[in-house]
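Working notes, beginning with the structure itself.
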Amino acid sequence: MRSRVETDNDKGAVRQAWLAGHLHRLQHRTDGIAVVAEARDRILALTADVSIAPPNGRHAFQCRYTYRLFGSGDLLVHVQGEPRLQPLDQNAEAPHGWPDKLPRIGLAMTLPAGMERVAWYGPGPGESYDDSRQAALVG
Numbered sequence: 331m332r333s334r335v336e337t338d339n340d341k342g343a344v345r346q347a348w349l350a351g352h353l354h355r356l357q358h359r360t361d362g363i364a365v366v367a368e369a370r371d372r373i374l375a376l377t378a379d380v381s382i383a384p385p386n387g388r389h390a391f392q393c394r395y396t397y398r399l400f401g402s403g404d405l406l407v408h409v410q411g412e413p414r415l416q417p418l419d420q421n422a423e424a425p426h427g428w429p430d431k432l433p434r435i436g437l438a439m440t441l442p443a444g445m446e447r448v449a450w451y452g453p454g455p456g457e458s459y460d461d462s463r464q465a466a467l468v469g
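Sequential numbering of the sequence shown, starting at 331, is according to my numbering.
Given below as structure tokens:
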């Protein structure tokens, strides 16, 4: 996962909130991995639980990536995430809440040569505006 590049609309108060929460310095930590083989249906499923957080650890996106590889060679990727907010320890005061606007998080995938048949469902392939969803078609 990667966070998006700052745009002109992010200047000012939004930028200051991101900097104060260290959201411009997100790091990934793998919390767990599970692999399940479904021999009867010829499916291999890999689930990775990941925390995406700045170094101070107060804000985090708790994410789950699920990769399902089918016997046909098809790969289905499902990503879900939720922003979390926790104090650093039980004696600490609760940290400030999330900024009104969060950084965009997306996926980047590199495919090896020979994997040219790719299907995508969602907005894109380029970015769209979060307020209107007008800049990209879904499909």
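Just so you know, even glycine gets a beta-carbon here, dropped at the ideal spot from N, CA and C.
- Using a Cβ distance threshold of 8 Å, I382 and R398 do not count as a contacting pair.
- Looking at the backbone, the Cα of G401 and that of D371 are separated by about 8 Å.
- With distances taken between CA atoms, C393 lies nearest to Q357 out of V365, N386, Q357.
- Between R355 and A390, the CB-CB gap reaches or exceeds 8 Å.
- Under the three-state reduction of DSSP, A375 is assigned to strand.
- Counting every other CB atom within 10 Å of its CB across the protein chains shown gives L349 a total below 16, marking it as exposed.
- When only Cα atoms are considered, R447 and R359 end up about 31 Å apart.
- In this structure I363 is in contact with A378, their Cβ atoms being roughly 5 Å apart against a cut-off of 8 Å.
- As computed with DSSP, Y397 is found in a beta bridge with L376, V407.
- The C-beta separation of A466 from P453 comes to about 4 Å, placing the pair in contact by the 8 Å criterion.
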